[in-house]
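Reviewing the structure listed below.
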Amino acid sequence: MRIEIVDYDHPDSRVLIDSLQQEYVERYGEEDLTPVDPAEFRPPRGLFLLGYLDGRPVVSGGWRSQDSDEPGFQDGDAELKRMFVVPGARGAGLARRMLAELERTAAEAGRKRMVLETGVRQPEAIGLYASAGYVEIDKFGVYQDDPLSRCFGKELS
Numbered sequence: 001m002r003i004e005i006v007d008y009d010h011p012d013s014r015v016l017i018d019s020l021q022q023e024y025v026e027r028y029g030e031e032d033l034t035p036v037d038p039a040e041f042r043p044p045r046g047l048f049l050l051g052y053l054d055g056r057p058v059v060s061g062g063w064r065s066q067d068s069d070e071p072g073f074q075d076g077d078a079e080l081k082r083m084f085v086v087p088g089a090r091g092a093g094l095a096r097r098m099l100a101e102l103e104r105t106a107a108e109a110g111r112k113r114m115v116l117e118t119g120v121r122q123p124e125a126i127g128l129y130a131s132a133g134y135v136e137i138d139k140f141g142v143y144q145d146d147p148l149s150r151c152f153g154k155e156l157s
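Going by UniProt numbering, the sequence shown opens with residue 1, and the numbers climb by one from there.
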């Protein structure tokens, strides 16, 4: 897999993000409601990556800087967003490779902790994060009071 830095609103990003949003609709009945500004994913305060196989985008993920001025976050947090693997490429370790690259780039940018929100109807995501060393943390963001939401964090080295 070739991983490239792209804009959050790059055409290939849009294809994967739209597919992810459709999966949220299927699993939860609505799209992710978290406000997102594409500029938040531009260096040095963020990053968005796509993974390509045979010239096709098959995995996405990004992080954006968060600090304690937002409830639920700590200074030095990087919030993981839009992790997604197209159905035909799942089970090949691509999400794990993308997650490792996102953690590496966030740490390189000076971020101290990676945090994320996911839902109970995404057991494969929860399994990935748990196996990568993430632990459950207090909820944050628009899903703070959602019983289907879970938040996780991991200290970056």
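Glycine is no exception: its CB is placed at the ideal position from the N, C-alpha and C atoms.
Identify every residue that forms a DSSP beta bridge with residue i.
| i | result |
| --- | --- |
| tyrosine 143 | Beta-bridge pairing links tyrosine 143 to no other residue. |
Check whether the Cβ atoms of residue i and residue j sit closer than 8 Å, and answer yes or no.
| i | j | result |
| --- | --- | --- |
| leucine 94 | valine 59 | yes |
| residue 158 | tyrosine 143 | This structure leaves residue 158 out entirely; the chain is present only between 1 and 157. |
| glycine 46 | methionine 98 | no |
| lysine 139 | arginine 113 | no |
| glycine 119 | serine 149 | yes |
(request) Enumerate, from N- to C-terminal direction, the unbroken alpha helix (DSSP H) stretches of 4 or more residues contained entirely within the UniProt domain "N-acetyltransferase" (3 to 157). (result) 11 to 28, 94 to 108 and 123 to 131
(message) Can you confirm whether the segment 4 to 17 touches the segment 47 to 54 when touching is taken to mean that 3 or more C-beta pairs between the two stretches lie within less than 8 Å?
(response) yes
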